[in-house]
Amino acid sequence: MSDDLSAAAAAPPDAFEANRRYLGSVAYRLLGSFSDAEDVLQEAWLRWRSADRSAVTDPRAFLSTVVTRLCYDQLGSARARREAYFGEWLPEPVVSYQDSPASPAELAELGESVSLALLAVLEQLTPAERAAFVLHDVFAVGFDEIATSLDRSPDAARQLASRARRRVKDGGRRATADPGEHRQAVAAFAVATARGDIEGLLAVLDPDVVWHSDGGGVVTAGARPVFGADKVSRLVAGLVAKWFTPGMGIESVLVNDEPGLLVHDADGLVVGVLAFTVADGRITEAYVVVNPEKLTQVTRVAPSHPGL
Numbered sequence: 017m018s019d020d021l022s023a024a025a026a027a028p029p030d031a032f033e034a035n036r037r038y039l040g041s042v043a044y045r046l047l048g049s050f051s052d053a054e055d056v057l058q059e060a061w062l063r064w065r066s067a068d069r070s071a072v073t074d075p076r077a078f079l080s081t082v083v084t085r086l087c088y089d090q091l092g093s094a095r096a097r098r099e100a101y102f103g104e105w106l107p108e109p110v111v112s113y114q115d116s117p118a119s120p121a122e123l124a125e126l127g128e129s130v131s132l133a134l135l136a137v138l139e140q141l142t143p144a145e146r147a148a149f150v151l152h153d154v155f156a157v158g159f160d161e162i163a164t165s166l167d168r169s170p171d172a173a174r175q176l177a178s179r180a181r182r183r184v185k186d187g188g189r190r191a192t193a194d195p196g197e198h199r200q201a202v203a204a205f206a207v208a209t210a211r212g213d214i215e216g217l218l219a220v221l222d223p224d225v226v227w228h229s230d231g232g233g234v235v236t237a238g239a240r241p242v243f244g245a246d247k248v249s250r251l252v253a254g255l256v257a258k259w260f261t262p263g264m265g266i267e268s269v270l271v272n273d274e275p276g277l278l279v280h281d282a283d284g285l286v287v288g289v290l291a292f293t294v295a296d297g298r299i300t301e302a303y304v305v306v307n308p309e310k311l312t313q314v315t316r317v318a319p320s321h322p323g324l
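Under the numbering used here, think of the first position of the sequence shown as 17, with each following residue one higher.
Spelled out as structure tokens, the structure:
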């Protein structure tokens, strides 16, 4: 019996489990939804279990191809669902508290950081463009492997990624590359919001700021974007006056690895997550996720974590 246990302990982990984190990261970035990504992983596991593994020379590449193809199929139906979605559809946020650079090993598992704003822009791409862009620009996958996943030639895969890159650049808002500047703007926004200070909000909002919100028809949220600092500042002050009750709090967090905010009620339940783009010290775009179905994986850390 002990020999059997020793052999089991020495056996290499199943390739699917060994690559689960990487595959989940790919699926999330391709779909923008944890639940959809988990469905893809479940189906990929079933296919891996029934595959002829003796014919698989590179399990990670094989599994990546399976996940990409499943996501590619999902994106078509997801687009139809999102067109029927109440109001704006925003991706599900990833919230964390640690502001430390990823190690090379973590980058291999999780890929380059993708902001919530970028994930929202990726919704404008075709499924093939999104797959090529995410695999190449985020996970550094070669075009030969991408071509296999998409049933295209390597040249066609390269063109898809190039076209996606142009569309992302054209569709994105002005943003700074300075994390400190980003953090300061978000902190100033949080202070002004907590006080319902319209002048303070105007000082940190870009004149052409755009406010996006996603309530999914489950909770109250705007059905369309709100444009301009004057309208956004008054909207935020009005929301605070109407909904901010004693015991509620705003905490500084990382949203998809960028400075953002978390709003919780008096019982500690997360009721909203905010992500931002910042340029020249001012917020150019705000993404507000309040649909509770998209916040199920977001939890607060210990109450001692400093908030505002």
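We put the CB at the ideal spot given by N, CA and C, even for glycine. If you're wondering where the values come from, they're calculated on a predicted model, not measured in any experiment.
Spanning the alpha carbons of R97 and Y113 requires a straight line of approximately 32 Å. Cβ-Cβ distances below 7 Å link G212 to A253, V256 and A257 in the same chain, with the five nearest sequence neighbours on each side left out; the list follows chain order. According to the DSSP secondary-structure assignment, Y88 is paired through a beta bridge with no residue.
Approximately 6 Å separates the beta-carbon atoms of L86 and E59; this is inside 8 Å, confirming the contact.
Around the beta-carbon of D89, fewer than 16 other beta-carbon atoms lie within 10 Å, marking it exposed. Going by DSSP, E33 is part of the alpha helix (DSSP H) stretching over A31 to A34.
The residues A177 and A180, in chain order, have a CB closer than 6 Å to that of F149 in the same chain once the five nearest residues on each side in sequence are set aside.
Taking C-beta atoms as the reference points, I266 and V287 fail to come closer than 8 Å. Residue environment for T312: exposed (fewer than 16 other C-beta atoms within 10 angstroms of its C-beta). For E161, no beta strand (DSSP E) run applies; the uninterrupted alpha helix (DSSP H) run containing it begins and ends at F159 to L166, by DSSP. Contact between E139 and G232 fails: their C-beta atoms lie close to 15 Å from each other, not under 8 Å. Looking at the backbone, the Cα of E33 and that of R63 are separated by about 13 Å. Per DSSP, the unbroken beta strand (DSSP E) holding L277 starts and ends at E274 to H280.
By the neighbour-count criterion, in which a residue is buried when 16 or more other Cβ atoms sit within 10 angstroms of its Cβ, R37 is exposed. Within 10 angstroms of the beta-carbon of D74 lie fewer than 16 other beta-carbons, which makes it exposed. The residues V202, V269, L270, V289, L290, A291 and F292, in chain order, have a CB closer than 7 Å to that of G276 in the same chain once the five nearest residues on each side in sequence are set aside. In terms of Cβ geometry, A147 and L47 do not form a close pair [threshold 8 Å]. About 26 Å separates the Cβ atoms of L135 and P170, ruling out a contact at the 8 Å cut-off. Under the 10 Å beta carbon count, D222 is surrounded by 16 or more other beta carbons and is classified as buried. Bounds of any alpha helix (DSSP H) do not take in R298; it lies within the beta strand (DSSP E) bounded by R298 to V305. In this structure, V235 lies away from V154, with their beta-carbon atoms at least 8 Å apart. In the assembly as shown, D230 is a buried residue. Its beta-carbon has 16 or more other beta-carbons within 10 Å. A straight line joining the alpha-carbon of S129 with that of L151 spans about 13 Å.
Annotation for A291: the continuous beta strand (DSSP E) segment containing it runs V286 to A295.
Just measuring C-alpha positions, the residue of G238, P241, A219 and V184 sitting nearest G297 is A219. Rounded to the nearest whole angstrom, the C-alpha separation of N35 and S165 is 17 Å.
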